[in-house]
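What follows is a short report on a single structure.
Number of protein chains: 2
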Amino acid sequence: MSTSAASSPRRLTRKGQETRQRIVGAAADLIFEQGVARTTIEEVRAAAGVSSSQLYHYFDDKPALVRAVIEHQSDVIVGGQETFDLSTLEGIRTWRDWVVQHQRETSCVGGCPIGSLGSELAETDSQGRDQVAAGFKRWEASIRRGLREMHAQGRLSSETDPDALALALLAALQGGLLLTQIERDTTALEAALDAMLDLIARRS
Amino acid sequence: MSTSAASSPRRLTRKGQETRQRIVGAAADLIFEQGVARTTIEEVRAAAGVSSSQLYHYFDDKPALVRAVIEHQSDVIVGGQETFDLSTLEGIRTWRDWVVQHQRETSCVGGCPIGSLGSELAETDSQGRDQVAAGFKRWEASIRRGLREMHAQGRLSSETDPDALALALLAALQGGLLLTQIERDTTALEAALDAMLDLIARRS
DNA sequence: GATAAAATGGATTGCGCAATCCAAACTAGC
DNA sequence: GCTAGTTTGGATTGCGCAATCCATTTTATC
Chain V
1 MSTSAASSPR RLTRKGQETR QRIVGAAADL IFEQGVARTT IEEVRAAAGV SSSQLYHYFD
61 DKPALVRAVI EHQSDVIVGG QETFDLSTLE GIRTWRDWVV QHQRETSCVG GCPIGSLGSE
121 LAETDSQGRD QVAAGFKRWE ASIRRGLREM HAQGRLSSET DPDALALALL AALQGGLLLT
181 QIERDTTALE AALDAMLDLI ARRS
Chain Z
1001 MSTSAASSPR RLTRKGQETR QRIVGAAADL IFEQGVARTT IEEVRAAAGV SSSQLYHYFD
1061 DKPALVRAVI EHQSDVIVGG QETFDLSTLE GIRTWRDWVV QHQRETSCVG GCPIGSLGSE
1121 LAETDSQGRD QVAAGFKRWE ASIRRGLREM HAQGRLSSET DPDALALALL AALQGGLLLT
1181 QIERDTTALE AALDAMLDLI ARRS
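Protein sequence lines, in the order shown, are assigned to chains V and Z.
Using my numbering, the letters of the first sequence map in sequence onto residues 1 to 204.
Using my numbering, the letters of the second sequence map in sequence onto residues 1001 to 1204.
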């Protein structure tokens, strides 16, 4: 969690931090549900139960709020990722099952919180894009840690490049989530992850 | 290319068809560059060199125009896809190289024209989402045709399910394109496609 | 408990942009 | 060449929404 950002208030009261967090949380939910462009400041204001001036007290403008949301979602996702151990085939399967199950439980709605943001901002907000890229880097590093461990312990063939595999796994997940979100069906996500699992098994 | 759509004018003059096409092309370019929400009717109007009333003569409203753009992009992509033969490992490698090269040439800007649209519309325009899903289905079918052929001719092991593999390949491509777009670097795309190629080779 | 800073309330402003309207000028088909 | 339908011009409207403003109340610090 990189602090920084919101210019004006340098010292935040405990109460202020709570309010700020409430705004970020509400914004994150709304943006996850309907994207940045279709989420209005008014909606965020109402959902967070704050006044307009409060919102602009904590964030310079809408882009600044979006930046805080990206940071928030990165933290949530990377935090979640680190509860899984990807250094064994069994662990990767457990992770795969969790991801698929989670999509089923949410009716395949929303896709990946970071991926969707990245797609929307990529060509219009370079600062936002950089931030999403940094989030992906952290995520990738987390996956890589597992595969490197697997490789070091000889459970991945020595010719295998664990770093490239980590990137491929993240890509397969992203593509699977996108197709799953659009088709409202986990088939694509399962096919993508199972293909990667099969590859990893064959390289064991 | 499914016709239909724009309510009002049932009979289009040649001139009318040209104008309509010009609008769709301009809209497709702009939307590819900056997304649906950030593309204004005024921009499309100027780029296509038409008047406001012309635009609303051919399309009921902005969502209708977006629908025409989705249709257009689906046609372009599926058309392009069909110039490749995915029934041999060699052919798939050629396709992989083309995709990567294309991203390099465009500086990794824009991502996938359909994927980006799908991501933006998924939760806010169910009609648009359905249309993107249909586009992906066509794309998937095109890939599947190659892999089924490969399977039938014994160049893919009999235990392999070519349909699931086609879906996984499309997902890897989408995820690779998304990461590549955000990181402005083709490494992820290459890792994703190469992983799938390796899997296919190992299943040959 | 005084005072400076921070947090909150809510009305208001101004503009970007989708969409409408009323013509006028073409293009078919008979 | 007449007329019904199609295509085009461009001004205008109206609203959604980001952002500003001026208070008032609360919290920290000494």
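Note that CB positions come from ideal geometry on N, CA and C, so glycine has one too.
Comparing alpha-carbon positions, the option among V:A172, V:A188, V:R203 lying closest to L179 of chain V turns out to be V:A188. In the DSSP annotation of this structure, the continuous segment of the alpha helix (DSSP H) that includes S74 of chain V starts and ends at 62-81.
Excluding residues up to 5 positions away in sequence, R144 lie with their Cβ nearer than 7 Å to the Cβ of D163 of chain V in the same chain.
DSSP, reduced to helix, strand and coil, places A1037 of chain Z outside both helices and strands of the structure shown, so it counts as coil.
Under the Cβ criterion of 7 Å, T1040 of chain Z is not counted among the residues facing chain V. The continuous alpha helix (DSSP H) containing S53 of chain V extends over residues 52-58. By the Cβ criterion, the stretch 119-139 of chain V is in contact with the stretch 68-77 of chain V, since at least three pairs of Cβ atoms, one from each stretch, lie closer than 8 Å. Nearest neighbour of F1032 of chain Z by Cα position, chosen from Z:G1118, Z:Y1058, Z:R1020, turns out to be Z:G1118. Taking a C-beta distance under 7 Å as the contact criterion, I1182 of chain Z and R129 of chain V qualify as a contact pair. Against chain V, the CB of L1030 of chain Z has no partner CB under 7 Å away; the residue lies outside that interface.
Within chain V, not a single residue places a beta-carbon under 8 Å from that of E1018 of chain Z; the smallest gap is close to 29 Å. The beta carbon of Q181 of chain V falls within 7 Å of a beta carbon belonging to chain Z, placing the residue at that interface. Runs of the alpha helix (DSSP H) spanning 4 or more residues and lying entirely within the stretch 153-190 of chain V occur at 162-183, in chain order. Not one beta carbon of chain Z lies nearer than 7 Å to the beta carbon of R148 of chain V. Using a CB distance cut-off of 7 Å, T1013 of chain Z does not count as an interface residue toward chain V. Between V1099 of chain Z and L1173 of chain Z a beta carbon distance of about 7 Å is seen, short of the 8 Å cut, so the two are scored as contacting. Taking 7 Å as the CB threshold, R1129 of chain Z lines the interface with chain V. Contact annotation, A134 of chain V with A1191 of chain Z: C-beta distance approximately 19 Å; criterion of less than 8 Å not satisfied. Rounded to whole angstroms, S87 of chain V and H1102 of chain Z show a C-alpha spacing of 35 Å.
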